[in-house]
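Chains as they are written, first to last, in the numbering used here: chain A, 1 to 839; chain B, 1 to 536; chain C, 1 to 341.
Even for Gly, the Cβ is constructed at its ideal location relative to N, Cα and C.
Please read the structure below before turning to the comments.
Structure below.
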């Protein structure tokens, strides 16, 4: 494939000017450079404030976690937790810590006589022993006050972590990554109070003042009750200490008219703002008192008003000593959780740490006039970046290129005989200690896709992600790698009749009310020919359930514990699509029945559309034969031709299925440039149909449904206007017993202190599968397709293993093995005429 | 010197005669008709060969844009065939002279093996009555009409990285290369296909593949999976290479007679042509079938694939999309230039005629608008209005905001030149109102130059639209229409792999630009009276 | 230069810069600032009306924190109040705001200056390369009017004016980098290019973008010069010069060419000044971290202060170019009385 070099006859470029254009300086012998590209470079890789994936990819070279997930035995797919910055992480829950941080009151301990055994392994307190020897990169940095000083080069000790945590949660900084540590699963106790100190919030009157709570704590200014920091409110939906943490609305919804006067209650609700507060004035106090009196069954009068009040208050001062992270000794930390967590999940949150170099962070901080916040230039340029990972940043040019090289201060580098830094893994992979981080330099260039392809074929890039359309060309290449993504693209709805009528009136849709009919939505799902639809976009795979086959429920113990392949999961989907199996039926076994499901059934779709049409006509909502139009909240960015093609295909399937079923012509039209399409459909009711994807948390399917059913977890729910999962209840039979709970309760039932948190995996599988079926049956959401990512790896190196595993991929960047060093690689490329063939 | 004078006097008087003593001398009637301004311009225009040719080409392109969508065969109308997306030109009449959708490139031998497999599988026959199967040999497969490889050249071995690959120069018909595809049909559709196959005798349905077989190669792509119907290796270095009955990997280089052992789905010995899928009861479940797509295409559309320019990135006929693209680009350009023409003329006229204070103010307005950066305005308008009003109108609005200023300034300068002429003063003294003077007397003089400038606006608009589409600021591609710029920007990412996606639209857009520029120059020279008589 | 000539130029200079002209120039500068202000306001309002966008997949608490930062930055105040704050910052502290997205916490002015060098350099080199060639071709075509050389040059000119720049930019990148492997693919980073934009190595990486930019420039210039020169060649004073006995060559150079240059020079000045715009497409294809790309990204990322900085910069340059070109008419050709009613 030698191509002859044609000399260019341009007048300017003299024929002698042949330049061997190889980037990178210095001799290339003994160097292993990994060159990759990005369409946009990260702009801030400060652990406390990074936002985009591009930011995180830069940060990943500069840090290590306490622990990491690495390959153990690649023949069986077994993986292992490995200790990195931590030496060990143990659950050391004990009474002293729980009392010290107010999780249990001392009286309760004395009354019940609890000892450490009672709370052992309860997942509240974890002790992290630090690996001795980890050190900071040594770097000369010019601080904002102009003085240049040497930072780092020292050992990383417990104090570094404590100071970093203070900076992370510092209320004056409002770091957007802080929320990982003051809210959510691995929230530290006291984190929220420390983070919010000095900020305005609403507090429960009885909860704060206890017995002395009374109306005279507040004075009345121009008819309104005021506290020293703001106003006073009647709290209809917020948790009340007087009702043991439940809200008044919980009881009103529970008992309704038997006990409460519903018309007075509805009048009150009408006055309340969207988090259920009514400003307390003489009139509203009297009205609420009248409501209490009128609700005879509740047995209270206006004097009980004080128990239902919240008041504006600036969060009180909160000393860091009350935050659940403290130093036992120079190399040991204790982390006290607000909500208990099992060990495996806590390990997952330990794969990255909050560590920054405290002194450098402070020296680069400044008070920003426009926002009044304390901001820091830490990790926003090569000069202000300090690393504690295997690599350090050499240069950064915004919008152009970032370069890294070996961080000689990284504690696992050893000098081999010819003076180069090498490292061996401290854990065994397939029985041996392997070489790790063979890469000596990393170069990330900003390149457009087609330019990247040319560079890759010239051997100037080590990887290239072909566009799906091109990946067909490389199908036979041994260098092509494919990875499934955990995201499932689906349509989600706003089925609330009023919303739909409002949208029809506003002209967004025509006859959008048909979406309120459950049969219509089920017919839509069955009408979509998913196997054909995936052909519009290369790399798509059909999906007809919520969680695809990347989810594992007990991955730690058993790497083959795939949720999708479990018996209850298959049974749920088979029942959902009404497929019979067994002797004398179409399919003999459950597996066969499950494999036959494609989510597409034209026959049933047509029958359902006919029924739906009849129901809608009888209800007077629709006139047979009228045209139906929907605007679909399709995309955040600019619409492209593939988007139009995808929607065209959906229109085709619906038209095919609606032939002579009574419905008129249907047209979906995509809308782009939407900043928050989820809120537009699930909260503000601007569009009736949205298109989006959920995924991630692939090791925790049992937590999978909080995203769909728990308003507190992810407000607003994508399907927020279809239902209120905190109110609607679901009855499931588990082990022969019937349980009735709200959907929200079910979605939290298997975690934290939920009723089934400590149930066996079989039971948890049964519940999760039933939840998936129940949710899909509502047809508030129709799954369409999953996607795969393909990329090509250059010949200069190869991955440690060829078969993909969701925990360690193909062995990852860490275990990558080089076949050529840079010098040999350039020779190899030249020998092949300067261009390589990867087909 | 004296002789000469004498000779003159000696000329006899008889030689002299009076010319016409009887007829009266007065002007003769003009033999030619009076040449008006436009007629003169036309005459000069025709002399400029380049512009005339350009004009003809533009006419041809306009006709192409209008007629192709109407006259093209059933298939071309905006029917999207995702199986045939991004394919080169292919026509039945031009098949043997090279328009056969083929790509002459270097292929990995594993790809060639897959393609030969298609030929072998296509010759498979099954006789229901006698339950006998006919398995084609490699030779039969090679000569099959459905075998995609038109010509296979010499190959060479290349050792890259850890393994060896074999590359061959080959010429493959990408349409036949699609090979087999899976489809889900309900009862009615399945029976209709069966009847069509029996009537026409064209084999469409082929046996299903047993995907649970240990030697089944799962390539992970729905579009290619149905072509791995034989025992194949799943090893990374020989993906999909056919295995012999003893399981040995066969590569094109070593074996000339490749053995394809099928792994068709069989139920108690009987090969299965469908499996029931889609759930539901036995009556409502659908049929999943494996079809030879080339014939299935004829079943669906009744014709063999005919695409003069090939297909675009989504699977539409590229000729059809280019026609609609040109139509949209024309409409956009003409609309913008007409609107700019009108606004510019009115604004310039008022400015030029009244002069003084009004001129000063209006001049300042144009000063401000002319400085507004066009790309920024286009981006902001798209982001604000494209959802409410639609991408096309908001694009026109962005062009118009500053487009008319050029015409306005030309009209203004012409008005300054002519407004103090005697005939204008005469008209005013005869009591003509301002409007009449402006439009009847002064404006026709400006007509020549501003027509030229508005014609030259058209290529500018087409040029900017293609730039904006490339930058991703606007996107005009939908099912029924697209724009030349969108076609080019779609092709920008793929042109190395699918060059035809860029070549044809690029030729058309360049042709359009060249012709309009030439035509515009021709017009400018034609309407320039100072050139009268100056032509060489 | 003996003093007679010096005297002549002084006289000429004083005559040009008489009082009417000075007033005219001051008036133009005043108008310029007014226009700048109006465009600034329009762009500010248009961009601040754009809806803000959250990073994809931000959790509820993250969204709340980002929401608070936007409040602190005053994004949900009424637009006019925001504009007041923006102007106050400029007037009192000469602070054009900071970038929150493209180069975090970097003052917008620094970001613009740091991105100016590559754009200006590539464009200046491309102009230096294309002006001489453009003029030469233009003159040659005009002299050989309607002969075969003129036809070829006109066709080439038509071709390069019409084909969108990104098509021949691709082709050049494909051939010069991939097929013939003569030149680097894209502009080097500062690190690879030897530390600054002025090293020879960095220059080699600029050659392809320069060529890509130059084709359009050469074509435009050739067409313009050819048109001007053909006009002056057919004018009366050329006839006069020939009748006075000048040879064809002398007449052409001494008279026709000089007069043809009159409109060309201001156009070149305009070109030089509008360089700073840079071509967005060439900068994207050759990943040049220049001012052209910055404009588009600042809108897409809603980096308001950077966008405003660019708008002010562009508009100011555009207006300044306009004034300089108008004044330069006066200098080059005294006959043109600018501003005559």
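By alpha-carbon positions, which one of the options ends up nearest to residue i?
i, options, result
"residue 457 of chain B", "B:430, B:207, B:9 and B:407", "B:407"
"residue 56 of chain A", "A:66, A:45, A:188 and A:200", "A:45"
"residue 215 of chain C", "C:28, C:91, C:130 and C:102", "C:130"
"residue 62 of chain C", "A:777, A:183 and A:161", "A:183"
"residue 331 of chain A", "A:681, A:155 and A:617", "A:155"
"residue 812 of chain A", "A:630, A:69 and A:116", "A:69"
"residue 499 of chain A", "A:448, A:442 and A:688", "A:688"
I need the straight-line Cα distance from residue i to residue j, nearest angstrom please.
i, j, result
"residue 839 of chain A", "residue 193 of chain B", "37 Å"
"residue 156 of chain B", "residue 508 of chain B", "39 Å"
"residue 160 of chain B", "residue 240 of chain B", "19 Å"
"residue 278 of chain B", "residue 604 of chain A", "10 Å"
"residue 590 of chain A", "residue 530 of chain A", "22 Å"
"residue 780 of chain A", "residue 512 of chain A", "15 Å"
"residue 358 of chain B", "residue 438 of chain B", "16 Å"
"residue 206 of chain C", "residue 31 of chain A", "28 Å"
"residue 797 of chain A", "residue 365 of chain A", "41 Å"
"residue 174 of chain C", "residue 454 of chain A", "8 Å"
"residue 387 of chain A", "residue 98 of chain A", "35 Å"
"residue 218 of chain C", "residue 103 of chain C", "36 Å"
For residue i, count the other beta carbons within 10 Å of its own beta carbon; 16 or more makes it buried, fewer makes it exposed. Which is it?
i, result
"residue 336 of chain A", "buried"
"residue 476 of chain A", "buried"
"residue 521 of chain B", "buried"
"residue 129 of chain B", "exposed"
"residue 93 of chain C", "exposed"
"residue 250 of chain C", "exposed"
"residue 15 of chain A", "Only weak support is given to the placement of residue 15 of chain A: the predicted model assigns it a pLDDT of 38, under 50, and the value that follows is read from those uncertain coordinates. By the 10 Å Cβ count, residue 15 of chain A comes out exposed."
"residue 148 of chain C", "exposed"
"residue 113 of chain C", "exposed"
"residue 340 of chain C", "With a pLDDT of 42 at residue 340 of chain C, under the threshold of 50, the modelled position of that residue is not reliable, and the figure given next carries that caveat. Result: exposed."
"residue 128 of chain C", "exposed"
Query raised in the report: Can you find at least 3 beta carbon pairs, one from the segment 440-457 of chain B and one from the segment 306-322 of chain B, that sit closer than 8 Å?
Result: Because the criterion of three Cβ pairs below 8 Å is not met, the segment 440-457 of chain B and the segment 306-322 of chain B do not touch.
Query raised in the report: Are the segment 340-352 of chain A and the segment 262-274 of chain A touching, with three or more C-beta to C-beta distances below 8 Å?
Result: Short answer: they don't touch.
Query raised in the report: Within the chosen definition, does the segment 739-747 of chain A reach the segment 710-730 of chain A through at least 3 CB pairs nearer than 8 Å?
Result: Cβ pair count under 8 Å is three or more, so yes.
Report task. Run through the segment 701-733 of chain A for me and flag every whole alpha helix (DSSP H) of 4 or more residues, listed as ranges in chain order. Result -> Listed in chain order, they are 706-709.
Requested in this report: Would you check if the segment 88-95 of chain A and the segment 119-134 of chain A touch, i.e. whether three or more CB-CB distances between them fall below 8 Å?
Outcome: Because the criterion of three Cβ pairs below 8 Å is met, the segment 119-134 of chain A and the segment 88-95 of chain A touch.
Query raised in the report: Counting Cβ pairs closer than 8 Å, one from the segment 249-256 of chain A and one from the segment 302-312 of chain A, do we hit at least three?
Result: Short answer: they don't touch.
Requested in this report: Could you name each continuous beta strand (DSSP E) segment of 3 residues or more that falls completely within the segment 31-110 of chain A, going from the start of the chain to the end?
Outcome: Counting only runs that start and end inside the segment 31-110 of chain A, the beta strand (DSSP E) elements of at least 3 residues fall at 33-38, 67-73, 78-83 and 86-91.
Query raised in the report: Taking the runs of the alpha helix (DSSP H) that are 4 residues or longer, which of them lie wholly in the segment 389-474 of chain A?
Result: DSSP runs (the alpha helix (DSSP H)) wholly in the segment 389-474 of chain A: 449-457 and 468-471.
Report task. Identify every run of the beta strand (DSSP E) within the segment 311-362 of chain A, keeping only runs that are complete inside it and at least 3 residues long; order them along the chain. Result -> Runs of the beta strand (DSSP E) inside the segment 311-362 of chain A: 325-329 and 332-336.
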